[in-house]
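K.L.:
In the UniProt record's numbering, the protein residues as written are 1 to 71.
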């Protein structure tokens, strides 16, 4: 029998409150093991695509795009 099946049989013997407590503990353990998410800053992408607008102001480009003149 696999370890998981053995554990599930043991968990079935626990009360609902004990099962909730077990879930909370497992969730905390898993969260600790996950690598931290990298928070990127908008400044890090500044100037990444300067040629896409071909020198046009970004707001002017958006207004032109919304008006339907996407050429």
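Glycine included, every Cβ here is placed at the ideal spot set by N, Cα and C.
Computed from a predicted structure; not experimentally measured.
#1: In angstroms, rounded to a whole number, what distance separates the CA positions of residue 8 and residue 36?
#2: Give the secondary structure of residue 38 by DSSP, where H, G and I count as helix, E and B as strand, and everything else as coil.
#3: Do residue 53 and residue 42 come within 8 angstroms of each other at the CB atom, strictly closer than that value?
#4: Would you tell me roughly how many angstroms separate the C-alpha atoms of residue 38 and residue 15, rounded to the nearest one?
P.N.:
Taking the definition as stated:
#1: 30 angstroms
#2: In the displayed model, residue 38 falls within coil according to three-state DSSP, outside both helix and strand.
#3: No, they are not a contact pair.
#4: 39 angstroms
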